[in-house]
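Take 1 as the starting number for the sequence shown in full-length UniProt numbering and just add one per residue.
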Amino acid sequence: MYTLSSKLKLTAIIFMIVGAIGLVIGFLQAPSNLDDVREMMAAEEHHGETSHAEEGEANFAEAEHGMLLDDEPGRNAEGDHAAEAGAHDTEHLEHKLHQLQNKPWAAIYVAAFFFFMISLGVLAFYALQYASQSGWSPVLFRVMEAISAYIVPGGIIMFVLLVLSGFHLNHLFVWMDPEVVAHDEIIQNKTAYLNVPFFLIRAAIFLAGWFLFRHFLVRNSRRLDEATDNYYFKKNFKLAAGFLVFFLISESIMSWDWIMSLDPHWFSTLFGWYVFSSMFVSGITVIALVSIYLKSRGYLPFVNNSHIHDLAKYMFGISIFWTYLWFSQFMLIWYSNIPEEVVYFISRIENYGLPFFGMVVLNFLFPLLVLMNSDYKRVNWFVVMTGIVILIGHYLDVFNMVMPATVGESWFIGIPEISAVLFFGGLFTFVVFSALTKAPLLAKRNPFIKESEHFHY
């Protein structure tokens, strides 16, 4: 039985406290009106960047001057032009205001979704082991169950964020703004699907389904420990098969709703698979990291290098699969050069070049070069190093999916982003390692447990 160390518990709590304080600071630093935006843009110009604020003030002054001179011969046209320029600048500043106000919200959304998708990916991997009756993995079942425990608090947080968006406390989902929809024919044609009540109903159904499947899978696993036959194992086999069907459908729609609809004019038929590959490899990576940590503390003596080797093979293989989907989506859209499709990648390449191409290096080139050698997959510190890089890469992947649609070119890694990762990382760690204390670390009555304990090659 695992005992949560006070040091680890304290560290997780400190991360949450520091993260919460940082998020509060991030919201306080966000501008509240156009004057704040002008001051921020003027400060940027002071450091050598182009200032739209001074141009705006000049346009406003020119517009005011032009209106005062409306009665003077020959000046009416100039005054009208200045007024139009001032109105345009006001519109630009309002857009900038919404982006900067979105920044702490978007930072929370990225981190909340990232850690939630890890737990969901682990739950899918766990169900897959039952459905395929895998013989190598039962010694890792308790680790998978503990990581999937975060799906409940993480899912509740995600739903709260979606509800707050529906009540217009932020501008993350532009299609939720009636003023935008009134002037956007494309979004108007999607309102039968993209409307707040139906959006939240879908989210509630998916979350409830994932919660229930996880609850019954874990409950049956615990009951199997005390059973005298394989009744609960057979129940989990059927339950896991049903869950995988539900998961494949719900995960795809969830990715359209929670991520792709942030860019309501754009769509990709690969997007559900793309998000799945990211959550799957991230989840498997966390299984490897937690297992290696517990083994180093003497809690998993039955886990050997062959188990870690298999997890590393999944990390390698799904990284290649993610790259295949990323390139297929990118190459086909870029080559076809259809304006309403290619704009998605143009905005990311022009404004997010470093994180956009950086994630490809971290998610593809690094795992490819490091994990290609079979021997390295058995070296724990090598797997840990690669796993940390993969997780950073897939955080950047979620960052690239969310930020361009919510904060545009006004992005940078600052206090809100770092604080959100600290907060949700601390919460994730606390929930996972607390869940590990709820049951013995070995699923002793699983019919494949002996095969798993003696798994060597």
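From the three backbone atoms N, C-alpha and C, an ideal C-beta is built for every residue, glycine too. Bear in mind that the values here come from a model prediction, so they are computed numbers and not experimental data.
6 Å Cβ shell around residue i - same chain, five flanking residues per side excluded
| i | result |
| --- | --- |
| residue 448 | 135 and 138 |
| residue 171 | 98 and 102 |
| residue 271 | 255 and 260 |
| residue 247 | 124 |
| residue 405 | 262 and 263 |
| residue 218 | 145 |
| residue 64 | Here residue 64 scores only 44 on pLDDT, less than 50, and its place in the model is too uncertain to base an answer on. |
| residue 241 | 131 |
| residue 58 | Because the pLDDT at residue 58 is just 43, under 50, the model does not fix this residue reliably, and the point stays unresolved. |
| residue 359 | 393, 396 and 397 |
| residue 323 | 364 |
Beta-carbon proximity of residue i to residue j, cut-off 9 Å
| i | j | result |
| --- | --- | --- |
| residue 425 | residue 99 | no |
| residue 274 | residue 334 | no |
| residue 211 | residue 157 | no |
| residue 141 | residue 126 | yes |
| residue 393 | residue 354 | no |
| residue 475 | residue 12 | This structure gives no information on residue 475, because the portion of the chain shown stretches from 1 to 457. |
| residue 192 | residue 290 | no |
| residue 237 | residue 395 | no |
| residue 168 | residue 176 | yes |
| residue 213 | residue 239 | yes |
| residue 472 | residue 204 | Nothing in the structure corresponds to residue 472, since the chain is present only between 1 and 457. |
| residue 441 | residue 300 | yes |
| residue 383 | residue 288 | yes |
| residue 187 | residue 196 | no |
| residue 152 | residue 200 | no |
| residue 364 | residue 319 | yes |
| residue 386 | residue 443 | no |
| residue 26 | residue 414 | yes |
Proximal residues to residue i (C-beta, below 7 Å), its chain only, five neighbours per side dropped
| i | result |
| --- | --- |
| residue 96 | 37 and 410 |
| residue 149 | 431, 432 and 435 |
| residue 20 | 423 |
| residue 457 | 306 |
| residue 235 | 220 |
| residue 509 | Lying before the first or after the last residue shown, residue 509 is absent from the chain, which here runs from 1 to 457. |
| residue 30 | 100, 101, 103 and 104 |
| residue 173 | 165, 261 and 262 |
| residue 376 | 370 and 382 |
| residue 310 | 136 |
Bounding residues of the alpha helix (DSSP H) (the contiguous stretch that carries residue i)
| i | result |
| --- | --- |
| residue 379 | Note, residue 379: premise wrong, no alpha helix (DSSP H); not H, not E. |
| residue 459 | Limits of the chain in this structure are 1 at one end and 457 at the other, which puts residue 459 out of reach. |
| residue 222 | 196-226 |
| residue 256 | 231-258 |
| residue 353 | 353-360 |
| residue 407 | Taken as a continuous stretch (DSSP letters only), residue 407 belongs to no alpha helix (DSSP H), as it is neither H nor E. |
| residue 144 | 141-148 |
| residue 428 | 415-435 |
| residue 188 | 185-188 |
| residue 469 | The structure shown does not extend to residue 469, since the chain is modelled only from 1 through 457, so no value can be given for it. |
| residue 138 | Residue 138 -> no alpha helix (DSSP H), and no H or E assigned at all. |
| residue 182 | 178-182 |
| residue 371 | 366-371 |
9 Å Cβ cutoff, residue i in contact with chain C
| i | result |
| --- | --- |
| residue 219 | The chain inventory of the structure shown lacks chain C, comprising one protein chain alone. |
Nearest-angstrom beta carbon gap, residue j and residue i [assumed within contact, 8 Å]
| i | j | result |
| --- | --- | --- |
| residue 224 | residue 233 | 6 Å |
| residue 121 | residue 282 | 6 Å |
| residue 357 | residue 389 | Not quite, the Cβ-Cβ distance comes to about 15 Å (not below 8 Å), so this is no contact. |
| residue 222 | residue 439 | 6 Å |
| residue 285 | residue 315 | 6 Å |
| residue 278 | residue 321 | About 10 Å separates the two Cβ atoms, so there is no contact after all. |
| residue 154 | residue 419 | Not quite, the Cβ-Cβ distance comes to about 17 Å (not below 8 Å), so this is no contact. |
| residue 421 | residue 111 | 5 Å |
Nonlocal neighbours in the same chain, by C-beta distance under 8 Å from residue i, ignoring five residues either side
| i | result |
| --- | --- |
| residue 55 | Reliability fails at residue 55, whose pLDDT of 43 lies under 50, so the model's placement of it is uncertain and no value is given. |
| residue 109 | 161, 172, 402 and 406 |
| residue 292 | 308, 380, 383 and 384 |
| residue 345 | 330, 333 and 334 |
For a minimum of 4 consecutive residues, which ranges assigned as the alpha helix (DSSP H) are wholly contained in the stretch 271-324? 271-296
Can you list, in chain order, the stretches of the alpha helix (DSSP H) that have 4 or more residues and sit fully within the stretch 13-47? 34-46
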